[in-house]
Amino acid sequence: MLRLSRSTTSHVLLDSDPLKRDHSACKIIVAMEDYDYLFKIVLIGNAGVGKTCLVRRFTQGLFPPGQGATIGVDFMIKTVEIKGVKVKLQIWDTAGQERFRSITQSYYRSANALILTYDITCEDSFRCLPEWLREIEQYANNQVVTILVGNKIDLAEKREVHRQRAEEFAQAQSMLYLETSAKESDNVEKLFLDLACVLIREAKQNTLDNNDSAPMPGEGKNINYLSCCNIN
Amino acid sequence: MAGVCGCCCGAFRPRYKRLVDNIFPEDPEDGLVKANMEKLTFYALSAPEKLDRIGAYLSERLCRDVARHRYGYVCIAMEALDQLLMACHCQSINLFVESFLKMVRKLLEADKPNLQILGTNSFVKFANIEEDTPSYHRSYDFFVSRFSEMCHSNFEDPDIRTKIRMAGIKGLQGVVRKTVNDELQANIWDPQHMDKIVPSLLFNLQSGEGTESRSPSPLQATEKEKESPAELTERCFRELLGRAAYGNIKNAVTPVLMHLDNHSLWEGKTFAVRCFKIIMYSIQSQHSHLVIQQLLGHLDANSKTSATVRAGIVEVLLEAAAIAASGSVGPTVLEVFNTLLRHLKLSVDYELSGFYDATTTGNKTVNEHEERQLQEAVIKTIGSFASTLPTYQRSEVMLFIMGKIPIPGMHLTLPPTDSGSEGDRMIQVMLLKSLRQVTCGFQSTNMLTALPSSFLDPLLSFALLEDAHIRLLVLEILVSLIDRHDNLPKFSTVSIISDISMLKLKMEKCSRQDNLFMKKHAQQLYRHIYLSCKEQSSVQPHYEMLYALLALISMELANEEVVVDLIRLALALQDLALVSEETLPVFNRCAVHALCAAYLNLICQLTTLPTFCQHVHEVIEMRQKESPFLLPEDVFIECPKVPETLEKPAGEVLFQQAKIAEVLGGSGYNTERLATPYIPQFTDEDRLSKRKSIGETISLQVEVESRNSPEKEERTPAEEITFEALKNAIVDSVGMEEQERERRRQVVEKFQKAPFEEIAAHCGARATMLQSKLSQIFEITIRPPPSPSGTITASYGQTQTRSVPIYEMKFPDLCVY
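As they're listed, the protein sequences go chains A and B. Using the UniProt record's numbering, read the first sequence as starting at 1 and increasing by one per residue. Using the UniProt record's numbering, read the second sequence as starting at 1 and increasing by one per residue.
Printed below as a string of C-alpha cells:
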C-alpha cells in the first residue's frame, strides 16, 4: 500500500524534472500544468558582456540602457510555444563578477542549458572562454547543452573578435554558436528558441532512452492511468 | 478543463468546485468571503479525501488569475489555501500540499514583487506545519534556487528590494525547517543546496553591515516588528547551523570559506570573525573542532596567498578557538599545533626569501610587515589554543614545540636549513614566542612530569644563550613555568624591598615532586642563570627576568638545600662581577651586583633569619652610602647612574661568604655546602655529551643521597664500598677546601680569558683524570654496582639504559663537592 502511494505521488506530482518523467504521463497531467516542458537555462560569462540585457530583451522585450551589474543571480521566466509544444524556460542570469562565483557556480549543476556569452568588442571576454569551459566541466551536469554567444554585434565597428575565430573555437568545443545584439534585438529570439528546440529534441531522446531502459514500464503507466481518472 | 464553463452549468458541477467558487467575491476588493470559507473548511475536514481535488482546483483558478493579472483573486486564493492548510493537520494534506506548492511556485515565477512575497509568506506558513506523514519525491530544488536568487534581489526601489530579500531569507529558513528533519527529503545539506543557501545568507549579513548595525537598539527594533535583513539573516543562519549534524558541518562551512575567499573578506577580518563567531556559537559544541579543522585546512590551502589573507584566517581561528574552549582542538591536538607551526615556519621562509614560491620567483613579492603581523597572529593563536587544553596536554604541546626548535647539536637528525643561521634564529625566536604563549598561565602541580628533561635540556641549552633576544625569551618561559601562584607581577622590577610582607606573596610548601624536580634540574637552572649573567649583551629586561626567576625559584621550589644553593649562586654571581672586569662592561657588572643585592635582600627575608637579614642590610646600607651604583635603584632605571669605570669594590660593600655561612650555620643550614663556592659545569667540549653527563651527574647525586637513608644501605650491602669510596672522596675535597678556592679563582679567570678550545681541553683532561681515579675505585669492587632500588631508579631508568654503566661513567666535578 505504501509502495503504491509512493509511486502515485512521484509520477503525478513531480514536475520539477520533466525530462525524467514518463512522457505519456506528462501529457495526461498537463491539465494541471501550463507547459509541456520545463528547461533551466543559465547565462554565464564575464562581467559586462550583456547577459542581463539578453535576458531582458527576450523576456520583457526591452533594452535597459543603464543596466547595472547583476548581484548574485537573477531569475526570469518565459513560456514559448514551439510547434504546438509549450516550453517553459526558467532563465537564471548570473553575475559575471568574480566575487559571486561561488553562488553562481551552484546554479550550473541543475541547468539544462548554458549560454556562454562574450562581448565581440572585448578580446578579454573571449580569452576568458577556456576558463569558463573549465568551470562548466567542473560544475555543470555533463549532459548540459552549451551555446556560445557573441553579443553586441551592433557595435560592429569596434569588433575585436572575428566571427570566424569564434566559430572555429565553438566548433572545436562542440558548442553551438550565435552572434546577437540585445540592443537591436538581433538573433535574441532565435537564440532562445533554437535552444528550446535542441532541448526538446534531447528530452525526447532521453525519454525514449529511459523507456527502453526502464525495468517495468507497465507499472508506472497503470498507476498513472488510475490516478488521472481520479483527477477528472 | 472542466471548470472553464463556470457559472452557466454551476449546478452540475461537483460540490467541492462550487464551494471553492463561492469563496471568491464578485469584487476582489471585498476579500475572501468568510462565511463560505468556513463552509469550505468544514467540507474539507469532513471529507479529507476531497482535499487534494480542492487543492488542484484552487491552484488551477490561481494560475488562471495570475495569467490574467487578477491579483486580487490571487491573494484570495492564497489566503484560502493557507487557511485550509492550517485547518487540515491530517494525513490527507500530503496530496494537497503538492497543489499548494505548485501555486507557491507559480507565484514565485511571477515577476511582480508582491506576488513573490505573497508566495513566500504562504510557503513560510506551510514550512511551520509539522507533517506527520513522510513526503516522498517532493522537490525543493526550485525553492532553494529561487529564494537564494531573491536574497540577491537588485530591484530598483530599495524598499521593495529589501522586502524581496527578506522574503528570500525567510523562504530559505522555511525550506531548511521543512527539510532538515525529514530524512526522506532530498538532503538540504548537500553541497548543491548549501552552496546556494549559505552564500545568500552571508551576502545579506554582509550588506547589512555598516548600515543596519547602527540601528538604535534591539529593543526598539522588536517593538516596531521591523527587523533588518541582516538581523533576520543572522537568526536564520544560526538556526541552520544549530541543526547541522556531525556529517553536515563540512558542507555548511565550506561555502562560508568560499564566500569569504571570493569576496576577499579575510583581509578586513571583522566580517570573517563575525561569521565564525556566529558559527561557533550556533553549532552544537561537540562539533566545534570540525570547524577548527576546516579553518586549518583552509589555511593550508591558502599557504601561498598573501599574508593578509592568512593573517585573517589565523585571526578567525584565534576567535573561534576562544569560543570553542575545551572542545576546540578535538582529537588531533598535535595536528592543530603542527599546522600552525608549519605556517609560522612558512611565513618565516617567505620573509627570508622574499617570494611566495621558490620555483616561480618574481610573481609576487612578500610584504615583510604583513608577514610579521601574520607571525604574531599565529603565535597568539597558538597561545589561545593551548589555553583551552588541560595541563597534561599542554605539556605535551610544549614538548612538541620544543622538538621543532632547531638547536644545533641538539637534534642530530635535523637537516641543515637552507636559509642558514638567520633562518634558524628567526624560527627559534618564533617558536620560543609560541612557547611563551603556551606557558603563559600554565600551572602545573607536578613540575617533574610537566617539565621532563627532554623539554628542559634543549631549553637550557647553550645554543639558546648567545642571542640576547632568544635568551630573554628563554628566561620568560622559565619564569612563567615556575610561577604557579601569580607572584610574577610582584617581581617585575628589581628593587630592594625593605619588607617583603608588603608584597603579599602567595606561597605553598614545596611538594615532594618539586623537591625531586629540583634535585634533578636545579643545577641546570643555576648554570643557566649564571651563564646568562655572564653574557655581555644582557640589558635591563634580562636582569629583571633573572631576578624574577631567582625569586620565583626561592618561592616555589625551595627547600633548605635549594636555599643554600641559591645563596651560593648569588655569591658566585658577585664573584663573577668582581673578576670579569675585562669581559663585562661596567653596566653589566653593576647590574649583577645590584641583582645580587636585591636577591639576597629577598631571600634573607624569606629565610627569616635576623642575623642574615642584618648582614644583608648592613651591606646594602653601606652601598647606599658609598656606592649606590651597585644597587638596583641606580642601575635599573632609564639612564643608569653607573660610573665610567668601576673600581673593584671591596670590603663592606660586598656580601661576605664567610659571614653568611656563619649566620646560616647558626640556624642549622648546611654550611659545609655553603662553604663550597658555586661553579657552573663546563665539563665537555661536546655539548651533547655534556648534557648527558650532567644529567647523569645529577642522577648519581640523587643515588648517593638516597643511599644515605639507612634502610637502603642495609638492603644494598654490595654498594658499601662504593659509597665509602665516594664519601672518602668528598671528605678529602672538603679538607682541601682552601686550596680548591684558590684553584677556583684561577679556573674562573682562565675561563674568562682563555679561548674555548683551551678550556675544553683542560676540562677534558681533568675529567679523564677523575675518571681513571674512579675506575680504580670501581675495579676494587670487581663487578659494577647494581643500580640502587626504589622509585628514583625507576624514574631514571631511561637515562640508565642509554648511558654507559656507572663505573665507566665520566664523573664531572660536581659530585666531588
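Just so you know, even glycine gets a beta-carbon here, dropped at the ideal spot from N, CA and C. This structure is a prediction, so every number in the text was calculated from the model and none was measured.
B:S434 has its alpha-carbon roughly 43 Å from the corresponding atom of B:R743. In the displayed model, B:F24 falls within coil according to three-state DSSP, outside both helix and strand. A:V80 sits in a strand when the DSSP states are folded into three classes. Partner residues in the beta bridge of A:S181, as assigned by DSSP, are A:D186.
Measuring C-alpha to C-alpha distances from B:F100 to each of B:A110, B:Q83, B:N114, B:K112 identifies B:Q83 as the nearest.
With contact defined as three or more Cβ pairs closer than 8 Å, the region 306-315 of chain B and the region 366-377 of chain B are in contact.
A Cβ of chain A is located within less than 9 Å of the beta carbon of B:M150. 9 Å or more divides the Cβ of A:V80 from the Cβ of A:F100. For A:L43, the enclosing beta strand (DSSP E) starts and ends at 37-45. If you draw a 10 Å sphere on the C-beta of B:V539, you find fewer than 16 other C-beta atoms in it, and that means exposed. The criterion of a C-beta distance shorter than 9 Å is satisfied by B:K163 and B:P113.
B:S772 is classed as exposed because its beta carbon has fewer than 16 other beta carbons within 10 Å across all chains shown. The three-state secondary structure of A:G68, taken from DSSP, is coil. Annotation for B:V314: A377, V378, T381 place their beta carbon closer than 6 Å to its own, counting only its chain and skipping 5 residues before and after. Note that the C-beta distance between B:L260 and B:C236 is not below 9 Å. Residues of chain A whose Cβ lies closer than 7 Å to the Cβ of B:P255 are, in chain order, S102.
Contact annotation for A:D36 against chain B: no contact, minimum CB-CB distance about 15 Å [criterion: below 8 Å]. Annotation: B:H615 to B:K659 spans about 8 Å, alpha carbon to alpha carbon. B:Q116 and B:E38 have their alpha carbons spaced roughly 27 Å apart. The CB of A:S181 never comes closer than 8 Å to any CB in chain B; the least such distance is about 23 Å.
The C-alpha of B:L566 lies about 21 Å from the C-alpha of B:P489.
In this chain, the beta strand (DSSP E) harbouring A:V85 covers 85-94. As the crow flies, the alpha-carbon of B:D486 is around 10 Å from that of B:F442. For B:R146, the chain A residues whose Cβ falls inside 7 Å of its Cβ are F75, in order along the chain.
Going by DSSP, B:I54 is part of no beta strand (DSSP E) but of the alpha helix (DSSP H) stretching over 51-67.
Inter-residue distance for B:L516 and B:V562 is about 11 Å (C-alpha atoms, whole angstroms).
For B:N204, none of the residues of chain A pass the 8 Å Cβ criterion, the least Cβ distance being about 10 Å. Taking a 10 Å sphere around the C-beta of B:E370, we find 16 or more other C-beta atoms and assign the residue as buried.
Exposed is the label assigned to A:G68, since fewer than 16 other Cβ atoms lie within 10 Å of its Cβ.
Its chain contains S181, K183, E184, D186 as the residues whose beta carbon lies nearer than 8 Å to that of A:D154, once the 5 sequence neighbours on both sides are disregarded; these appear in chain order. Residue state for B:V198 is assigned as helix, using DSSP reduced to three classes. The beta carbon of B:G665 sits closer than 7 Å to those of T671, all from its chain and outside the five residues before and after it, given in chain order. For A:Y108, the enclosing alpha helix (DSSP H) covers residues 101-108. By the 16-neighbour rule on beta-carbons within 10 angstroms, A:S110 is buried. Chain-order list of chain A residues neighbouring B:K380: empty, with the shortest C-beta distance near 29 Å, by a criterion of under 9 Å. Of the candidates B:S46, B:T676, B:G354, B:M78, the residue whose Cα lies closest to the Cα of B:A56 is B:M78.
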